[in-house]
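Chains as they are written, first to last, in full-length UniProt numbering: chain D, 1 to 432; chain Z, 1 to 432; chain U, 1 to 432; chain Y, 1 to 432. Just so it is clear, CB atoms sit at the ideal spot from N, CA and C, and this is done for glycine as well. Beneath this line is the structure, given in structure tokens, with notes to follow.
4 protein chains.
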Amino acid sequence: MNEKVFRDPIHNYIHVNHKVIYDLINTSEFQRLRRIKQVPTTAFTFHGSEHSRFSHCLGVYEIARQVIGIFEQDYRNIWNADESLLVMVAALLHDVGHGAYSHTFERLFETDHERYTQEIITSPETQINTILRQVAPDFPDKVASVINHTYPNKQVVELISSQIDCDRMDYLLRDSYYTAAHYGQFDLTRILRVIRPIKNGIAFARNGMHAVEDYIVSRFQMYMQVYFHPASRAMELLLQQLLKRAKELYQEQPSFFEQSSPHLLPFFKKEQTLADYLALDDGVMNTYFQSWMHSSDVILSDLASRFINRKVFKSVTFDEKDEDKLEVLRKYVAQVGFDPNYYTGIHVNFDLPYDIYRPEKAEPRTQIEILQKDGSLAELSTLSPIVRAISGETYGDRRFYFPKEMLSEDDLFADIKKSFQAHLNNEHFIGN
Amino acid sequence: MNEKVFRDPIHNYIHVNHKVIYDLINTSEFQRLRRIKQVPTTAFTFHGSEHSRFSHCLGVYEIARQVIGIFEQDYRNIWNADESLLVMVAALLHDVGHGAYSHTFERLFETDHERYTQEIITSPETQINTILRQVAPDFPDKVASVINHTYPNKQVVELISSQIDCDRMDYLLRDSYYTAAHYGQFDLTRILRVIRPIKNGIAFARNGMHAVEDYIVSRFQMYMQVYFHPASRAMELLLQQLLKRAKELYQEQPSFFEQSSPHLLPFFKKEQTLADYLALDDGVMNTYFQSWMHSSDVILSDLASRFINRKVFKSVTFDEKDEDKLEVLRKYVAQVGFDPNYYTGIHVNFDLPYDIYRPEKAEPRTQIEILQKDGSLAELSTLSPIVRAISGETYGDRRFYFPKEMLSEDDLFADIKKSFQAHLNNEHFIGN
Amino acid sequence: MNEKVFRDPIHNYIHVNHKVIYDLINTSEFQRLRRIKQVPTTAFTFHGSEHSRFSHCLGVYEIARQVIGIFEQDYRNIWNADESLLVMVAALLHDVGHGAYSHTFERLFETDHERYTQEIITSPETQINTILRQVAPDFPDKVASVINHTYPNKQVVELISSQIDCDRMDYLLRDSYYTAAHYGQFDLTRILRVIRPIKNGIAFARNGMHAVEDYIVSRFQMYMQVYFHPASRAMELLLQQLLKRAKELYQEQPSFFEQSSPHLLPFFKKEQTLADYLALDDGVMNTYFQSWMHSSDVILSDLASRFINRKVFKSVTFDEKDEDKLEVLRKYVAQVGFDPNYYTGIHVNFDLPYDIYRPEKAEPRTQIEILQKDGSLAELSTLSPIVRAISGETYGDRRFYFPKEMLSEDDLFADIKKSFQAHLNNEHFIGN
Amino acid sequence: MNEKVFRDPIHNYIHVNHKVIYDLINTSEFQRLRRIKQVPTTAFTFHGSEHSRFSHCLGVYEIARQVIGIFEQDYRNIWNADESLLVMVAALLHDVGHGAYSHTFERLFETDHERYTQEIITSPETQINTILRQVAPDFPDKVASVINHTYPNKQVVELISSQIDCDRMDYLLRDSYYTAAHYGQFDLTRILRVIRPIKNGIAFARNGMHAVEDYIVSRFQMYMQVYFHPASRAMELLLQQLLKRAKELYQEQPSFFEQSSPHLLPFFKKEQTLADYLALDDGVMNTYFQSWMHSSDVILSDLASRFINRKVFKSVTFDEKDEDKLEVLRKYVAQVGFDPNYYTGIHVNFDLPYDIYRPEKAEPRTQIEILQKDGSLAELSTLSPIVRAISGETYGDRRFYFPKEMLSEDDLFADIKKSFQAHLNNEHFIGN
């Protein structure tokens, strides 16, 4: 095939040389990713980050392609070129099961985008499966097994998911570019120069350790400063409350939802198929929410309107030990006239920026190995003081959300609001 | 008001110091721009350019704010600070009437986004109008008159629309950043240093002429290389044919469209209101197109599917004199089984990169004036050889579009396709 | 004065609005900084970093100018505008006493660039002093006192030197740009938005803490990865040995040095004046070294040639406890024919990335204060987990340097070299 | 050889895989380029552009290496891999004969950096020649013939010098980065994707024509806005007058110059050798000029001081027809006390941004060929309207320089200066 290229702000160009890759990009399941934002709630805070999963998936593929190119050229003795296409395909498709507002949606409807990724790859009814089967009858299963970590060759698995994989490398650079929060930048070129296939996985040459270190720190900063931003989490919580209200209301008013949001019905009834899932995207969901703004249920219509028109909840942090005491805040919210079941909520975000391999854990991490001059391996945090300083610990906060109206002062409820505000200091909840 | 800021990839931060501006941003009419892409068909070619009108409008406002800040500080004798808020508001709202896929939509439904902009500003039913009226009863009309060029102070009008206005400056930088086509970059900082209010408009100091020159060249290159890209225009044409088919079919099958695309009905019936217009956005339109993919009408469902799944038409350029001869190509297309009324089309794109003021023209341009050391003005192209070289001329091409299938060779229609292809050379139509 | 601007890659433009600043830039003492590299030995490793002290000093001034502009506009109640010019002048001149290869030079000749800075400012024989006296007779002394930290207003002093001052902010951004080691980038715009004058110094608003955090991390990474680069330190060590040899040789062969390096004589004799110091710059020093390449002393000529032609020493790290054992390596170096007094050396580099204020220390740090919503201050590391993780600790290493020839194998001394190499593993010295 | 890399701001990394290349970089003749600025007089105007010929030469090599890599991989049928090393070496060495302030120096001393480049490559006394001879006895001559355009394979020659060669591509990007004049940026990645070896030279695929177009425009803008900047040319002219004075004065006072500027003597006497030429660099020349500041000749010492301390001459443009009339200005300059032979001068700068091949010309250009889909070639300006608009024409201006003092007003010579100024308007000389 003649090489095709896609102009890309992160990698300059995405290069496609395999017909399989090109055909996969052109399937309806993959093109659908154009209609799903990469960070949909973050975009309400960082307006620039309106990019889609489509762009991200191309980017992950491109990083994988570059890694493979280096492995094939310089490490033929230890890298099996027969695995190359598999890596590129798995990179391209690793997120193909992502849906509209996935994280919130999954919580409410007990779905799982990773299971959908598996299904899209292995179900004979998809265009993607048809193309993969043309490579080899067992190729779809192979791709699926790479994505769910069961593929035997750890070199392949770790390129797609580990503490420093193609997925994370692309999203840090991309989200950084689009949000304009430059913290996520790191030296990808250098990492590509020092990445090495080793016997049972992936390592990085010692002379590039600083680039790996910088990647860990960048990732940490993106979590603290972008992904955990209080306003974005407010929008997540609002969406959660909106879907919860709709799900409950459906029992009473099914016909309203049949009219206004047909493709959500199977989810309300817990009888959804793959086709139902694929029918949903950001635009479809927002179209439904816009219909709900005209519902006769005041809570549904108000929450929908707040979401569509970006009326963010406000929040304060609180200490874990004080969680029970938050009831006092909920009480004031209710007194002002907001049902606290829908108008307040707790959002907890914690991240473990890096950890060594701990076999006793439920999901042990694959630690990052540094390849030294004499051929021995050393785990990253034994060499890097800065990684050591942040590894093994989680960082984040607990937030209590409530309507912005609780912070205004000029109305009938001024006294109640004052009492409410008396519990807050420097945006933190004072428990006593 | 405490200053609010929005992180922005182009201007680093958007600064908001006026409550009026902040309230306008928070209206439902303005938040709606988040759901409308800035360059929706371009995004099918340059996948990175998924940014919205919302981002662009904030950017235009920010440039205006910076210009005004300089005028207020350094040119008080000639700049009236009472006009400052007006400029910022007009900059923010100049595009507020843009709708989903505006350019194509307007052609089909004889609507006009500029008229909608006027209406959103002046109609008492909008949130925007309510806020503007709080400034002064005649403020909405003033804002509207700036945008439609009838406001008497030309300084104000030219900042919002002229050959080098805040709108163009933002979209060149922004589209350039998001498409990754760096041609659109120019030195905004320098231009801000040399922009000057003059008696009857806006000028640029002589020592910054090269930055203005570079802006003109950048704009020219963005048109040639990004906005006029054949693949994006293919998607525009496809959309046009899809909407045309829907409009015709509505006469026969109204109930299908009542179900599948309720908010388009008023447009089919030519009885739309402002509320109808505001109900449409990219997500709503795409949701409709996705429904149409299940229509019983094969042309409608196929065109919808081609649009949603990005199956671009191919094209060749042709000379104006050969337009009549294109019938031969349409004939072959029909023989292969595609109705040429829907599966072929002509797309003509021409741009006049810069022109002097020509009062005899229907829409004369406001030429760019350079302010010389002795206080006299000189029109840009008299000083700049490169602007002179491209001014007054239009650049662009005429393209004939057809299904990609006409270029394949391996089927029943191989002979017809070969005859078709015999008329093409180096992607150009050979008339004879 | 009409504003003058200097195009600058870091700040886009340097703006000069005060005649005093413009005149200072045009003095011979300040123009001399064009001939002194900012990071002369680093440039041997990162070839891009060939920028001068001149560029850096303009940059420090520009940051100071921007800070002052914000203070004057928004914090008039607490910032005294009479201090503004003082801050800008101190920022511009804080490094004016830097000389050629300062750090190494000072060690050898017991000079001190900070004392020269004071002298250039206060000595009546300089052009700089003449200009400063025109502002006010005591102005030179005021400027000098800001730079040596004795000026009573801590707001002024901390802008010029503290753990986050205009000097450091410029050099991190600038050295990062020129070396292409992007680690040094941080969000200056954000820091400028949240910097605040407080009663007794400078603080940063809570909502910008992440930018301050990122600055600390960036600075840390630049030290670890750029400033402490082993190859640059090799060049420093080589220069040190070269100057040591010259100084010793001068006693024996004064006439050679009178001919080849006249402006160094006063330093050899310890009778240098300010004029002697100002006569030296990188070009003059290199011209001397080039002359020394023709010396009859083989050590002098060889070391000069190695320096001029960038023949870097190699190095290994070693543990503090093993320092005495390095003698074994020196012995092998001597056996191969290199005098270890000149051809080996130890270079120790440690940095304390951040620390709280510790009054018991010899040079206590001014800790970074974060201004909270309720007006209270909190020390940075109490709020930032990542700063806490690295604060109060020093990072760096000890290196033993030796001629690259010790690592080759193909000659007469192969056995000695093998014995030498047997003490090294993974670029570390094995003591036992 | 293990790959070596150099961190580079333009190309991210310079990759060296051939021992020959690495050894050439480490020669004293090549390392000497670290001490020669790429744009020495431009750095007086754009202070950021302090980069050296060393950096540029590495960059030209890196572009060549990338081109060759593509040719070897994709165009084996038409590209002979035996030529690859030759291209890389010629790219690396094409400027190795550049000396301190070459352009001005050559004019005064009738030397020629291109001839020195040839000599450094072919003279058996250089380290470079020794390394080249190890490749093959005739390799030095081959390299030299590529650089002087006589090598028979035009593919090789055009990569090194043509209207779009590796040299120009690097210096535009590099000078643009360091000056911060972004006009010089163009899409190198795209150009590398479309560059093709053809039978008798180099061409560019049709689908990358816009990148070539943008390169031509960028180059044009860099000439107009950076290289032809009046202040930089003022410094060139000043240097020229300084050297002229020195050369004349040498006849009278040889001993002063023997002391102060020994390595210039052979040039004054026209008996210089290659070794003499290599002994000069920016630092050596500036050291000499600093000595001349103490000359008893007032003109020499004043001009030296003006150059070292950057006292730029001012200038006005003039029309060619008025050149004779400039005598009136010189007369006034003399009346004020400046010898017009040294204190005034004419500087003419013109550039032909692009031209087709014109065999009748003394130095015909190699026109840029575009490779079309059907394999035919088309000359660039036949396809590109913007290149056509500027091709075949020269752009630039003529300037008359004089001391800045002529523009002040407040002294004894006020009347003479007024008469002088009466001949100037908008920085242009009025002839009548």
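Over what stretch of residues does the alpha helix (DSSP H) that includes residue i continue unbroken?
i, result
"D/SER255", "254 to 260"
"Y/LEU92", "84 to 93"
"D/ALA279", "274 to 279"
"residue 433 of chain U", "Residue coverage of chain U in this structure runs from 1 to 432, which leaves residue 433 of chain U outside it and unanswerable."
"U/ARG196", "Looking at the DSSP string, U/ARG196 is not in any alpha helix (DSSP H); the run it does join, the beta strand (DSSP E), is 195 to 198."
"D/ALA334", "327 to 336"
"Z/ASN341", "340 to 343"
"U/ARG107", "102 to 109"
"Z/LYS154", "154 to 160"
"Z/ASP324", "Element bounds for Z/ASP324: n/a, residue is neither H nor E."
Round the Cβ separation of residue i and residue j to the nearest angstrom and send it over; I've been treating them as touching at under 8 angstroms.
i, j, result
"D/VAL96", "D/VAL20", "About 14 angstroms; that fails the 8 angstroms criterion."
"U/MET285", "U/ALA100", "4 angstroms"
"Z/GLU83", "Z/VAL194", "The Cβ separation is near 20 angstroms, so there is no contact."
"D/VAL419", "D/TYR332", "For the record, residue 419 of chain D in the displayed sequence is Ser; it is not Val. Going by Cβ atoms, the distance from D/SER419 to D/TYR332 rounds to 6 angstroms, so yes, they are a contact pair."
"Z/PHE256", "Z/SER295", "6 angstroms"
Since residue i is in the beta strand (DSSP E), which residue starts that stretch and which ends it?
i, result
"Z/GLY283", "It is not in any beta strand (DSSP E) - Z/GLY283 instead sits in the alpha helix (DSSP H) that spans 282 to 292."
"Z/ALA378", "377 to 379"
Who does residue i pair with in a DSSP beta bridge?
i, result
"D/ASP8", "D/ASN12"
"Y/ARG65", "According to DSSP, Y/ARG65 bridges with nothing at all."
"U/TYR395", "U/ASP351"
"U/VAL316", "U/PHE400"
"Y/ALA205", "Y/LEU371"
"D/ILE346", "D/PHE400"
"Z/SER52", "Z/LYS37"
Quiz item: Taking one C-beta from the region 213 to 226 of chain U and one from the region 195 to 204 of chain D each time, how about it: are there three or more such pairs within less than 8 angstroms?
Solution: no
Quiz item: Taking a cut of 9 angstroms between CB atoms, which residues from the region 295 to 314 of chain Z lie near chain D?
Solution: Listed by position, the residues of the region 295 to 314 of chain Z near chain D (Cβ gap below 9 angstroms) are SER305, ILE308, ASN309, ARG310, LYS311.
Exercise. Tell me, please, whether the region 254 to 270 of chain D touches the region 216 to 233 of chain D by the rule of three or more beta-carbon pairs shorter than 8 angstroms.
Key: Of all C-beta pairs linking the region 254 to 270 of chain D to the region 216 to 233 of chain D, fewer than three are shorter than 8 angstroms, placing the two stretches out of contact.
Practice problem: Anything in the region 374 to 387 of chain D with a Cβ closer than 8 angstroms to a Cβ of chain U? List those residues in chain order, please. | Solution: ASP374, SER376, PRO385, ILE386
Practice problem: Closer than 8 angstroms, Cβ to Cβ, to anything on chain D: give me those residues from the UniProt domain "HD/PDEase" (49 to 181) of chain Z, in chain order. | Solution: GLU50, HIS51, SER52, PHE54, SER55, LEU58, TYR177, TYR178, THR179, ALA180, ALA181
Quiz item: Would you call the region 27 to 44 of chain Z and the region 52 to 70 of chain Z in contact, with 3 or more CB pairs under 8 angstroms?
Solution: yes
Quiz prompt | the region 305 to 313 of chain Z touching the region 377 to 395 of chain Z, judged by at least three CB pairs closer than 8 angstroms | solution = no
Practice problem: Say whether the region 315 to 325 of chain Y touches the region 415 to 430 of chain Y, bearing in mind that this needs 3 or more beta-carbon pairs closer than 8 angstroms, one atom from each stretch. | Solution: Judged by pairs of C-beta atoms under 8 angstroms, the region 315 to 325 of chain Y touches the region 415 to 430 of chain Y, as three or more such pairs exist.
Quiz prompt | Three or more C-beta pairs below 8 angstroms linking the region 229 to 249 of chain Z and the region 342 to 355 of chain Z | solution = yes
Quiz item: Would you say the region 406 to 416 of chain D touches the region 138 to 145 of chain Z, given that touching needs at least three Cβ pairs under 8 angstroms?
Solution: By the Cβ rule, the region 406 to 416 of chain D does not count as touching the region 138 to 145 of chain Z, because fewer than three pairs are nearer than 8 angstroms.
Quiz item: Is the region 4 to 24 of chain Y touching the region 178 to 198 of chain D, taking contact as three or more C-beta pairs under 8 angstroms?
Solution: yes
Self-check item: Residues, ordered as in the chain, of the region 3 to 19 of chain U that lie near chain Z by beta-carbon distance below 8 angstroms
Solution: Of all residues in the region 3 to 19 of chain U, the ones placed with a Cβ closer than 8 angstroms to any Cβ belonging to chain Z are VAL5, ASN12, TYR13, in chain order.
Exercise. Check each residue of the region 185 to 201 of chain U: if its Cβ is closer than 9 angstroms to any Cβ of chain Z, include it; give the result in chain order.
Key: ASP187, THR189, ARG190, ARG193
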